[in-house]
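*Asks:* Using the numbering used here, the letters of the sequence shown map in sequence onto residues -1 to 176.
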Amino acid sequence: MIYIALFRGLNVGGHHKIKMADLCAFLNRHGGENTKHYIQSGNLVFHHDDSLAALAQKLEPAFADTFGFQSQIVLRTLPQLQAAQKAYPFDREDREQKFMMTGFARATPNDDALELLTSLATEKELVAQQGEAFFFYFGDGSGRSKIANLNFEKKIGTALTIRNRRTISKLIEMAEKI
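(1) With DSSP run on the structure shown, which of helix, strand or coil describes Q55?
(2) From this set, Q128, R74, P59, which residue's C-alpha is nearest D110's C-alpha?
(3) Taking 8 Å as the cut-off, does the region 159 to 173 touch the region 113 to 125 (at least 3 CB pairs, one atom from each stretch)?
(4) Assign K168 to one of three DSSP states: helix, strand, or coil.
(5) Which residue comes first and which comes last in the beta strand (DSSP E) that contains E31?
(6) With DSSP as the reference, label A105 as helix, strand or coil.
(7) Out of curiosity, what's the CA-to-CA distance linking E113 and F132?
(8) Below 8 Å between beta carbons: does that hold for G101 and I160?
(9) Just how far apart, CA to CA, sit H14 and R6?
(10) Could you tell me whether the Cβ atoms of Y1 and H46 are closer together than 8 Å?
(11) Just to check my reading of the structure: I16 and L25 have Cβ atoms closer than 8 Å, yes? What is that Cβ distance to the nearest angstrom?
(12) Taking the beta carbon of T106 as the centre, do at least 16 other beta carbons fall within 10 Å, making it buried, or is it exposed?
(13) Ignore the nearest five residues each way along the sequence and tell me which others in L76's own chain have a CB closer than 6 Å to its CB.
(14) Counting C-beta neighbours from all protein chains within 10 Å, is the total for N41 16 or more, i.e. buried, or is it exposed?
(15) From E151 to K34, what does the alpha carbon distance come to, in whole angstroms?
(16) When we look at the beta-carbon of R104 and count the other beta-carbons within 10 Å, is it buried (16 or more) or exposed?
This is the structure in structure tokens:
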């Protein structure tokens, strides 16, 4: 199966620095094949024989043992990532792609998660949800957004890792070549 691993909190603000070559090697030591990374923030594509559930259970503890700190890892299959990219509802010509984001939930969010996020949105922000994917458009960028800087785990019951559409497109392109 082709997987995409989205590691949270790597190489952000000078903290939890990891070379992507080391992260690829880590995945390969744990059964990954053809592992490739995209940019320096913990986006990996790879082949693995384990099921999604089995892989998710073993990678996080192994990561902490190897690197000495924890990183939440959100795993998606290639079809799941493709479906999330296709479902993005706010793609229009007059909007900047860099402000179009998808949040991937680590687990099932609270039932009222979309309502909460929508209540925090400004007039230039849009929010939608499809299952464990949240779609955002940050009209003024994500830097000043109350939503983008939210402690998702506390507010909606699960961690989110957010990627822009360009990154997701590149990950899909890379995964399709494995």
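Glycine included, each C-beta is placed from N, C-alpha and C at the ideal position.
*Replies:* On the basis of the coordinates in this document:
(1) Taking the sequence shown and counting its residues from 1, one reaches residue 55 at position 57. Q55: helix per DSSP, three-state reduction.
(2) For the purposes of this step, residue 110 is taken as residue 112 along the sequence shown, with counting starting at 1. Of the listed residues, the one whose Cα sits closest to D110 is Q128.
(3) no
(4) Residue mapping note: residue 168 aligns to position 170 of the sequence shown, counting from 1. Helix.
(5) Indexing the sequence shown from 1 puts residue 31 at position 33. 31 to 36 is the extent of the beta strand (DSSP E) around E31.
(6) Taking the first residue of the sequence shown as 1, we reach residue 105 at position 107. Correct three-state label for A105: coil.
(7) Taking the first residue of the sequence shown as position 1, residue 113 is located at position 115. Taking the first residue of the sequence shown as position 1, residue 132 is located at position 134. Using only the alpha carbons, I get a separation of about 12 Å.
(8) Locating residue 101 in the sequence shown gives position 103, counting from the first residue. Locating residue 160 in the sequence shown gives position 162, counting from the first residue. The answer is yes: Cβ separation under 8 Å.
(9) As a working note, residue 14 is residue 16 in the sequence shown. As a working note, residue 6 is residue 8 in the sequence shown. So the two alpha carbons sit approximately 10 Å from each other.
(10) Taking the first residue of the sequence shown as 1, we reach residue 1 at position 3. Taking the first residue of the sequence shown as 1, we reach residue 46 at position 48. Yes.
(11) Within the sequence shown, residue 16 is the residue found at index 18, counting from 1. Within the sequence shown, residue 25 is the residue found at index 27, counting from 1. Actually they are not in contact, since the Cβ atoms of I16 and L25 sit about 12 Å apart, beyond 8 Å.
(12) One-based indexing of the sequence shown puts residue 106 at position 108. The residue in question, T106, is exposed, as its Cβ has fewer than 16 Cβ neighbours within 10 Å.
(13) Numbered from 1 along the sequence shown, position 78 holds the residue referred to as residue 76. Cβ within range, chain order: I0, A173.
(14) The residue labelled residue 41 in the question sits at position 43 within the sequence shown. It counts as buried.
(15) Along the sequence shown, read from residue 1 onward, the residue named residue 151 stands at position 153. Along the sequence shown, read from residue 1 onward, the residue named residue 34 stands at position 36. If I take the Cα positions, the gap works out to 28 Å.
(16) As a position in the sequence shown, residue 104 is number 106, starting the count at 1. By the neighbour-count definition (other C-beta atoms within 10 Å, threshold 16), R104 is a buried residue.
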